[in-house]
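Heads up: the sequence shown is residues -17 to -1, 1 to 134, going by mature numbering (1 follows the signal peptide of the UniProt record, and there is no 0).
I have placed the structure first, in the form of C-alpha cells, so that the comments after it can refer back to it.
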Amino acid sequence: MKFTVLALTTLLASALASPVTPAEGARLISRDSINDCKQSTYENETSDASPDVDDCKQLAENIKNGGTWSVTATGSQHQLAQYGTCAFGAQGANKNLNTAYIGNSDIIDVITASIDQFATDGKIGAKGTMECQSAKGDVATADMTWGIYHD
C-alpha cells in the first residue's frame, strides 16, 4: 500500500511539472530577457468580462526570467502566455507570410503599459500592434497584432 501511494505521488508530481505543449504556430525559445519588438499602439478593450489585473501582473511576473516566442504571422491569434483569467496572444497584422519573434520583455511592457493606461475596477483588456523582429533575413520585421484577454 505504501509503495502504491508513493508511486502515485511521484507520477502526479512529475505530470504537474511537465511542460505544456505550445499552441500550434507558436513556439517558446529559451533566451535571456529580451525585447524583439518596437513601440506598440494601444487600444482600450476593458470591460466587466476582461481578465483580472492581478492575474495579468502575475503573468508578467511568471515570464520575467527570459524567453522569446516564435510566432507564425499568418492565421488566427496564438495564445503565448496565460495565468488565471489573463491571456496574452498575438497574430500577424498584415499579409506578410513571415514568422516574428516576441520577447518576454515585449509582453511585460505591453501588459504593464496597458494596466497603467486602462485598468478599471480591477479589470484590464487591451489590444494593439507592434513591429517585431523577423525570423527571415530577407524580411526584417513583421507587424503583429496583440491582445490581452480573458481565458
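Cβ atoms here follow ideal geometry from the backbone N, Cα and C, with glycine treated the same way.
The structure presented is a predicted model; accordingly, all values stated were derived computationally and were not measured.
Asked: Report yes if the CB atom of N18 is closer than 8 Å to the CB atom of G86, and no otherwise.; Found: yes
Asked: From M127 to W52, what does the alpha carbon distance come to, in whole angstroms?; Found: 12 Å
Asked: Rank I98, S23, G58, D37 by C-alpha distance to the C-alpha of Q74 and give the top, closest one.; Found: G58
Asked: When you compare each of Q41, T68, N81, E44 to Q116 by their alpha carbons, which one comes out closest?; Found: N81
Asked: Go ahead and label S30 buried or exposed: buried means 16 or more other beta carbons lie within 10 angstroms of its beta carbon, across all protein chains shown.; Found: exposed
Asked: Considering only C-alpha positions, which residue in the set I131, I107, D37 is nearest to I90?; Found: I131
Asked: Within a Cβ cutoff of 8 Å, which residues of the same chain sit near Q100, ignoring the five residues on either side of it in sequence?; Found: Y25, N27, A109
Asked: Kindly indicate which residue of S97, T112, K106 has the alpha-carbon position closest to the one of C20.; Found: T112
Asked: Considering only the beta carbon of each residue, do A64 and A125 sit closer than 8 Å?; Found: no
Asked: Quick one: what does DSSP say Q116 is sitting in, helix, strand or coil?; Found: strand
Asked: To the nearest angstrom, how far is it from the Cα of C39 to the Cα of S23?; Found: 18 Å
Asked: Which residue comes first and which comes last in the alpha helix (DSSP H) that contains S97?; Found: 87 to 101
Asked: Here's the rule: buried if 16 or more other CB atoms are within 10 angstroms of the residue's CB, otherwise exposed. What is Q41?; Found: exposed
Asked: Considering Q65, what are the terminal residues of the beta strand (DSSP E) in which it resides?; Found: 61 to 66
Asked: Over the uninterrupted alpha helix (DSSP H) stretch that includes A43, give me the two end residues.; Found: 36 to 45
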